[in-house]
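Below: one structure, written as structure tokens.
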Amino acid sequence: MSELGLVRPDMAAIVGQPYGVTHSYPVSASDIRRWAIAVYYPEAPPAHYLDPDAEAAGRLVAPLDISVFAWAAARTEPDERAFEVDAKYTAVGAMEQKLGVQPPDLFRALNGGMFVDYTGVRIRPGDVIRSETVIAQYQEKESRLGRMLVTDFATTWTNQAGERIKTSTMSLIRY
Amino acid sequence: MTDVTTREFEVGATVPPFVRQAGLHAWNRYAAVNYEFVDIHMDDEAGKAAGMPGAFGMGNLIWAWMHCAVEQWVGERGVLEHLECRFKQPALKGDTITITGTVTGRTTADDGSTVLELELWSENQTGTKTAPGTARVRLVA
Chain A
121 MSELGLVRPD MAAIVGQPYG VTHSYPVSAS DIRRWAIAVY YPEAPPAHYL
171 DPDAEAAGRL VAPLDISVFA WAAARTEPDE RAFEVDAKYT AVGAMEQKLG
221 VQPPDLFRAL NGGMFVDYTG VRIRPGDVIR SETVIAQYQE KESRLGRMLV
271 TDFATTWTNQ AGERIKTSTM SLIRY
Chain B
123 MTDVTTREFE VGATVPPFVR QAGLHAWNRY AAVNYEFVDI HMDDEAGKAA
173 GMPGAFGMGN LIWAWMHCAV EQWVGERGVL EHLECRFKQP ALKGDTITIT
223 GTVTGRTTAD DGSTVLELEL WSENQTGTKT APGTARVRLV A
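First to last, the sequence lines map onto chains A and B. Under the working numbering, the first residue of the first sequence carries the number 121, and numbering increases by one thereafter. Under the working numbering, the first residue of the second sequence carries the number 123, and numbering increases by one thereafter.
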């Protein structure tokens, strides 16, 4: 058991194990243009997003922050060890059950922030993106709200060539 | 080629402000691309039930605007390698949200490229930093 008693040995054992493997539909030029137009509204996005010749010339790349899974995924691989937990766990973002482990009994949550590392590999029309998530780490903290468990969920996207595009990490604070 | 001697990339330089009006016109467009049709971003009563004065904006849209601010500034002269932020206060209808920042560090990487460290944040019209963050940009030599 960890120092503050929030990270059980079975929780520690699932750190770094992938879950939630999902594959996107092929990204379209229209997906890219619409995202850029939406986030730059009411001004026009940078000209290359709207250049009608950019796609054919291979110059059309997606905004870095695009979500290619927002509306639908083409395929989601089953998490073989997953089991159902009470909604009070999923309501605070628990994911341990997807890896076959009972989530901790912490039922309040805060978004502790997010960070992303981009590799420089860009998303282009026709790309099929694979996403997988791991619990990157658990950290325990004492605060005025009591014992807190900080869980970093790291999601990595790769393209059809196996090139890593980004790893984005969300810190979930449960207490 | 990037003229990395340009003053706009010196330590202390300002990331040009990227200014947007928070409200349903922006939120609905973002919801439509990100499938983010959540009551708190659409309905004042839902926002009030969540303890806010009314409907409020998505943290993801602030995140997107931070990307836009860097992209508009750097363009093809560099690439964003790292971004992080904490969402401290959501945007409310009518808020004027400004994404801006400061170059806090500048180093030369092993490959000779110039790497900028930034403080980058979202602030509202009162000057309150609603989403403080940091970023790293590599200039393309």
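For every residue, glycine included, the Cβ atom is placed at its ideal position computed from N, Cα and C.
With 7 Å as the C-beta to C-beta threshold (strictly closer), list the residues of the region 226 to 247 of chain B near chain A in chain order.
none
B/GLU132 - DSSP class collapsed to helix/strand/coil:
As a first step, residue 132 of chain B is located in the second sequence; it is residue number 10 there, counting from the start. Of the three classes helix, strand and coil, the one that applies to B/GLU132 here is coil, per DSSP.
Ignoring anything shorter than 3 residues or poking outside the region 226 to 283 of chain A, list the beta strand (DSSP E) runs there in chain order.
229 to 238, 250 to 263, 266 to 278
C-beta neighbour in chain B for A/ASP247, strict 7 Å
The residue you call residue 247 of chain A lines up with position 127 of the first sequence. No, no contact with chain B.
To the nearest angstrom, how far is the alpha carbon of B/ALA172 from that of B/GLU130?
The count along the second sequence starts at 1 and reaches residue 172 of chain B at position 50. The count along the second sequence starts at 1 and reaches residue 130 of chain B at position 8. Roughly 41 Å between the two C-alpha positions.
With a threshold of 8 Å, are at least 3 pairs of Cβ atoms found where one atom belongs to the region 245 to 261 of chain A and the other to the region 200 to 220 of chain B?
no
Any C-beta of chain B sitting closer than 7 Å to the C-beta of A/LEU184?
Translated into positions along the first sequence, residue 184 of chain A becomes position 64. It does; some Cβ of chain B falls within 7 Å.
By Cβ distance below 6 Å, which residues in the same chain neighbour B/ILE162 in space, the five residues on each side in sequence not counted?
Reading the second sequence from its first residue, position 40 is the one you call residue 162 of chain B. Closer than 6 Å at the Cβ level, and outside the excluded window around B/ILE162, lie ALA168, GLY169, ALA172.
Pull up the distance between the alpha-carbon of A/LYS218 and that of B/ALA154, whole angstroms please.
As a position in the first sequence, residue 218 of chain A is number 98, starting the count at 1. As a position in the second sequence, residue 154 of chain B is number 32, starting the count at 1. For A/LYS218 and B/ALA154, the distance between alpha carbons rounds to 29 Å.
What alpha helix (DSSP H) runs, 4 residues minimum, are completely inside the region 156 to 183 of chain A?
167 to 170, 174 to 177
Cβ neighbour criterion (16 or more within 10 Å) applied to B/GLY234
Here residue 234 of chain B corresponds to residue number 112 of the second sequence, with the count starting at 1. Label assigned to B/GLY234: exposed.
Which full runs of the beta strand (DSSP E) of 3+ residues lie inside the region 186 to 210 of chain A, going along the chain?
none
Under 7 Å (Cβ pairs) to chain A, residues found in the region 204 to 226 of chain B:
HIS204, LEU205, GLU206, CYS207, ARG208, PHE209
Quick one: is A/PHE189 near chain B, going by C-beta distance under 7 Å?
Mapped onto the first sequence, residue 189 of chain A falls at position 69. A/PHE189 does not count as touching chain B.
Chain-order list of residues whose beta-carbon lies under 7 Å from that of A/ARG201 (same chain, five-residue window excluded):
Against the first sequence, residue 201 of chain A aligns to sequence position 81. Within the same chain, A/ARG201 has close Cβ partners LEU219, GLY220.
What is the C-beta distance between A/TRP191 and B/TYR157, in whole angstroms, given that I count them as a contact (C-beta under 8 Å)?
Counting from one through the first sequence, the residue named residue 191 of chain A turns up at place 71. Counting from one through the second sequence, the residue named residue 157 of chain B turns up at place 35. A/TRP191 to B/TYR157, Cβ: 5 Å. Contact.
Taking 7 Å as the limit between beta carbons, can you name the residues of its chain near B/THR218, skipping five residues before and five after?
In the second sequence, residue 218 of chain B corresponds to position 96, counting from 1. Excluding residues within five positions, the ones whose Cβ falls inside 7 Å are VAL141, GLN143, ASN246, GLN247.
Reference B/HIS204; option with closest CA among B/PRO138, B/ARG260, B/PRO139, B/GLU132:
Position 82 of the second sequence, counting from 1, holds the residue named residue 204 of chain B. The option with the nearest alpha carbon to B/HIS204 is B/ARG260.
Euclidean distance between Cα positions of B/GLY74 and A/GLY282
What the structure shows of chain B is the stretch from 123 to 263, and residue 74 of chain B is not part of that stretch, so it cannot be assessed.
With 16 other Cβ atoms within 10 Å as the buried cut-off, status of B/HIS189
Within the second sequence, residue 189 of chain B is the residue found at index 67, counting from 1. By the 10 Å Cβ count, B/HIS189 comes out buried.
According to DSSP, what are the bridge partners of B/VAL155?
On the second sequence, residue 155 of chain B is found 33 positions in, with the first residue counted as 1. Looking at the DSSP assignment, B/VAL155 forms no beta bridge with any residue, so it has no partner.
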